Structures are given as structure tokens and as C-alpha cells.
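Numbering (the numbering used here), first residue to last: 8 to 198.
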């Protein structure tokens, strides 16, 4: 297979600009509610022109989808690194869940913005796609737990953990009893 074409300076600069626009949005999400995050606000924070924004993101909805994907891509990379050496099962689920909840709590305002953004059809579709893909990755964990319905169990688990993240965001801190309850759900039982 031939090597991919080298990245040109122009393409690298475009990628940096796109990343700067996304970073600006993630930073803005920490202090501005979703309805006030407009292209004008983002370009002012990123120090680029409005035309540049629309070159990378034809609509605000496209931008919100990219923000959603950026946040979750980073989180998935962290979880994959953490879980790399852990076999499927309760320990891996527990570690991944703890990391997910910790990151969502750390970035609670961004996470809340992304939940609010799901009113946008494109964001809702991207979120559902992400949920489906994550469920596929969790099937081996629920299979190792002995689930007769590992796909359905994974889908429910994702929603359960997402709800826990929202509860912690509302509280503004870790909810240890909630986390213990989550651990109970995936603790192997003797039959």
C-alpha cells in the first residue's frame, strides 16, 4: 500500500485553524450558555474571520457536531489508553466509568453544553452514532460478565453512566454512593 500523501503546509495550517476554532468553543462553553455561542463569539475568541469559521463549518450545527466529536474523541482516547492492558470485564468497565465520570465532572460546563446541543438534529445524530459505537466496544465486557444480552446491556450501561455524569455535574462533585451503585451493577455474581 503506498504511503499517504504528505500533509501540505496549507493543509496543516487549515487543520490548526480548525482546531483553534474548536478549542475556542470548548473554552467558551465553560462560561457561556449554548444559545450565546455564535459564530461571531467563536471567531472573536479564536482571532479569525467569520469567513474562516464558515469555511470549516458551513453551519452552526456543523460546528456543534464537531465540538461534540472533539470532546468525546479525546475522552475515548484516554479511556482506550487506560483500558489497553485490562481484559474485558468488571475491572475494565469500572476503570473506564471512573475516568469518564471524572472527566465529565472536570469539564462539567462543556459536557452540559454538549447535552444541551442535542436539540440540534445533527448533534443528536452524532451522539446516537457515538453511543452505538461505544456499545459495540463494551459488548466483550458484558459478555465476560455473563450477560445473555450483552449489546442491550452495553446500551443501557452507557445511558446509566451518562445519567450519573449529569447528576454529578448538577451536584458539582463526585457522588460516591452513586459510583458505588454503578460498580454494583457490574460486579460479577456467583450463580
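Each residue gets a CB set at the ideal place from its N, CA and C atoms; glycine is no exception. In this text, all values refer to a predicted model and were calculated from it rather than measured experimentally.
Three or more beta-carbon pairs under 8 angstroms between the stretch 123 to 134 and the stretch 145 to 152, yes or no?
-> no
Nearest candidate by alpha-carbon position, reference residue 132, set 73, 19, 22 = In the chain shown, counting from the first residue as 1, residue 132 sits at position 125. Ranking 73, 19, 22 by Cα distance to residue 132 puts 73 first.
Does the beta-carbon distance from residue 60 to residue 51 come in below 8 angstroms?
-> Counted from its first residue, the chain shown places residue 60 at position 53. Counted from its first residue, the chain shown places residue 51 at position 44. No, the pair does not count as a contact, with Cβ atoms beyond the cut-off.
Mind checking whether residue 184 and residue 115 have CB atoms under 8 angstroms apart?
-> Taking the first residue of the chain shown as position 1, residue 184 is located at position 177. Taking the first residue of the chain shown as position 1, residue 115 is located at position 108. Their beta carbons are not under 8 angstroms apart, which means residue 184 does not touch residue 115 by this criterion.
For residue 32 and residue 84, the rounded distance between their alpha carbons | Counting from one through the chain shown, the residue named residue 84 turns up at place 77. Counting from one through the chain shown, the residue named residue 32 turns up at place 25. Between residue 84 and residue 32, the C-alpha separation is close to 20 angstroms.
Alpha carbon to alpha carbon, how far is residue 19 from residue 171? Give it in angstroms, no decimals.
-> As a position in the chain shown, residue 171 is number 164, starting the count at 1. As a position in the chain shown, residue 19 is number 12, starting the count at 1. Their Cα atoms are separated by approximately 39 angstroms.
Compare the C-alpha of residue 186 against each of 23, 100, 48 and name the closest.
-> As a first step, residue 186 must be located in the chain shown, where it is residue number 179. Nearest option by C-alpha distance: 100.
How long is the line joining the alpha carbons of residue 88 and residue 82, rounded to whole angstroms?
-> As a working mapping, residue 88 is identified with position 81 in the chain shown. As a working mapping, residue 82 is identified with position 75 in the chain shown. Cα to Cα, residue 88 sits roughly 10 angstroms from residue 82.
Note down the Cα distance separating residue 138 from residue 80, rounded to an integer number of angstroms.
-> On the chain shown, residue 138 is found 131 positions in, with the first residue counted as 1. On the chain shown, residue 80 is found 73 positions in, with the first residue counted as 1. One C-alpha to the other measures close to 12 angstroms.
Drop a sphere of 10 angstroms on the beta-carbon of residue 118, count the other beta-carbons inside from all chains shown, and report buried for 16 or more, exposed for fewer.
-> Within the chain shown, numbered from 1, the residue matching residue 118 stands at position 111. With 16 or more Cβ atoms within 10 Å of its Cβ, residue 118 is classed as buried.
Excluding sequence positions up to five away, which residues of its chain have a Cβ less than 7 angstroms from the Cβ of residue 181?
-> Counting from 1 along the chain shown, the entry for residue 181 is found at position 174. For residue 181, where only same-chain residues beyond five positions count, the Cβ hits under 7 angstroms are 112, 175.
Is residue 124 buried or exposed, if buried means 16 or more other CB atoms sit within 10 Å of its CB?
-> Taking the first residue of the chain shown as position 1, residue 124 is located at position 117. Classification of residue 124: buried, given that the 10 Å Cβ count is 16 or more.
What's the gap between the Cα of residue 68 and the Cα of residue 30?
-> Working through the chain shown from its first residue, we reach residue 68 at position 61. Working through the chain shown from its first residue, we reach residue 30 at position 23. Those two C-alpha atoms are separated by around 16 angstroms.
Between the C-alpha atoms of residue 28 and residue 154, what's the straight-line distance to the nearest angstrom?
-> Position 21 of the chain shown holds residue 28. Position 147 of the chain shown holds residue 154. If you take the alpha carbons of residue 28 and residue 154, they lie about 43 angstroms apart.
Can you have a look at residue 75 and say buried or exposed, based on whether 16 or more other CB atoms are within 10 angstroms of its CB?
-> Looking up residue 75 in the chain shown gives position 68. Under this definition residue 75 is a buried residue.
Simplified DSSP state of residue 137, which is helix, strand or coil | For this step, residue 137 is matched to residue 130 along the chain shown. Note: residue 137 maps to helix in three-state DSSP.
Output the distance between the C-alpha atoms of residue 22 and residue 35, rounded to the nearest integer angstrom.
-> Mapped onto the chain shown, residue 22 falls at position 15. Mapped onto the chain shown, residue 35 falls at position 28. If you take the alpha carbons of residue 22 and residue 35, they lie about 20 angstroms apart.
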